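Numbered per this note's numbering, the sequence shown finishes at 474, counting up by one with no gaps. Report on one structure; see the data block that follows.
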Amino acid sequence: MMAATDRPMAPVLLTFCSAILWGLWWIPIRWIESMGLSGAQAGMVCNLGAALAIGGYMLVARVRLRLSARALMGAVLVGLAFACYSLSLTMSDVVRAILLFYLAPAWSKIIEWAFLGQRWRGTSTVTLILSLAGAYLVLGGEVSLAAITMGDALALISGVAWAVGAALVFSGPPSTTSALTLATVVCAMLLSLAFAWGTGEALPTMVSIPAFGTSLAVGAIYLLPVLGITMWSAQRLPPGLLSFLFTLEIVAGVASGALLLDEPFGLYRLSGGLLIIAAALIEAVTALRPATAGAKS
Numbered sequence: 178m179m180a181a182t183d184r185p186m187a188p189v190l191l192t193f194c195s196a197i198l199w200g201l202w203w204i205p206i207r208w209i210e211s212m213g214l215s216g217a218q219a220g221m222v223c224n225l226g227a228a229l230a231i232g233g234y235m236l237v238a239r240v241r242l243r244l245s246a247r248a249l250m251g252a253v254l255v256g257l258a259f260a261c262y263s264l265s266l267t268m269s270d271v272v273r274a275i276l277l278f279y280l281a282p283a284w285s286k287i288i289e290w291a292f293l294g295q296r297w298r299g300t301s302t303v304t305l306i307l308s309l310a311g312a313y314l315v316l317g318g319e320v321s322l323a324a325i326t327m328g329d330a331l332a333l334i335s336g337v338a339w340a341v342g343a344a345l346v347f348s349g350p351p352s353t354t355s356a357l358t359l360a361t362v363v364c365a366m367l368l369s370l371a372f373a374w375g376t377g378e379a380l381p382t383m384v385s386i387p388a389f390g391t392s393l394a395v396g397a398i399y400l401l402p403v404l405g406i407t408m409w410s411a412q413r414l415p416p417g418l419l420s421f422l423f424t425l426e427i428v429a430g431v432a433s434g435a436l437l438l439d440e441p442f443g444l445y446r447l448s449g450g451l452l453i454i455a456a457a458l459i460e461a462v463t464a465l466r467p468a469t470a471g472a473k474s
């Protein structure tokens, strides 16, 4: 595994690029949904397309499989996070789902401190408070269970699963990025299938061939590269920093959702989003400062 201190900016810049694309992920999901597939069905077929593409590449290129049990568990949890996140985008407001997912940095900081032995800094307290306060405002100042919809719950579960999964991938032995990505999309596909079955949804039929083909293409062309970069970066950046860097997704997702969907975006959500972004900036600057200083010496 290449240490983050060797070339600290490479995974950081790639993470920023993938974060923007993750922020726009709701667009193909909603587009496929408008063609007749549900959120679970769209997630299922998109992940199938990604799995077929990466599996085919691994066979042709004879990629060596190297995946530890710890990394596999991390990939499974990231797959759970992705499946829940995709579903939440169709069951809740896009802006609300994205912002609730971004409690993930708060969970990541707690995991790093409790399980990875990293020192709890004063800035960690600040970023944690800002993240939780931001989520409180996104929910409209309400924290009762009655105010949380199924889509909200899936977004929250997604954030927790991502935080734990990223920590396992980062702390485990080096693994092949292709194998990590394949495990992630297969897990996400199976979980989307399980959700569809559990809620009584039927599998995609021949009537939905255009939507089926579109979903396969979106999975192979859009989802696979973005997820591949994500898993590559997850092995090189601490989970807290990775999660905070991904908050650039908030800017892309919230701006596009507010403009294209005309979703309500009042003072509460604006304030909450700004608090979460502020926490991300503080964490990124704090985490990158030592690496940058080491690189110059």
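Ideal Cβ positions, reconstructed from N, Cα and C, are used throughout, including at glycine. Please read these numbers as outputs of a predicted model, since none were measured by experiment.
With 16 or more other Cβ atoms from the protein chains shown falling within 10 Å of its own Cβ, P415 counts as buried.
For A365, the CB contacts under 7 Å within the same chain, skipping 5 residues up- and downstream, are G220, N224, G256, F259 and A260 in chain order. For S433, the enclosing alpha helix (DSSP H) begins and ends at L425 to L438. By the Cβ-count criterion, A230 is buried, with 16 or more other Cβ atoms from all chains shown falling within 10 Å of its own Cβ.
With a cut-off of 8 Å on Cβ pairs, the stretch 443-450 is not in contact with the stretch 402-412, counting fewer than three such pairs. Within a 10 Å sphere around the beta-carbon of L266 sit 16 or more other beta-carbons, which makes this residue buried. CA-to-CA, the gap between L422 and R273 works out to about 19 Å. Within the same chain, Cβ atoms closer than 7 Å to the Cβ of P387 are found at M212, the five residues on either side in sequence being excluded. For F278, the closest C-alpha among the options D329, M268, L370 and L404 is that of D329. Residue state for T353 is assigned as coil, using DSSP reduced to three classes. A distance below 8 Å separates the beta carbons of V346 and A248.
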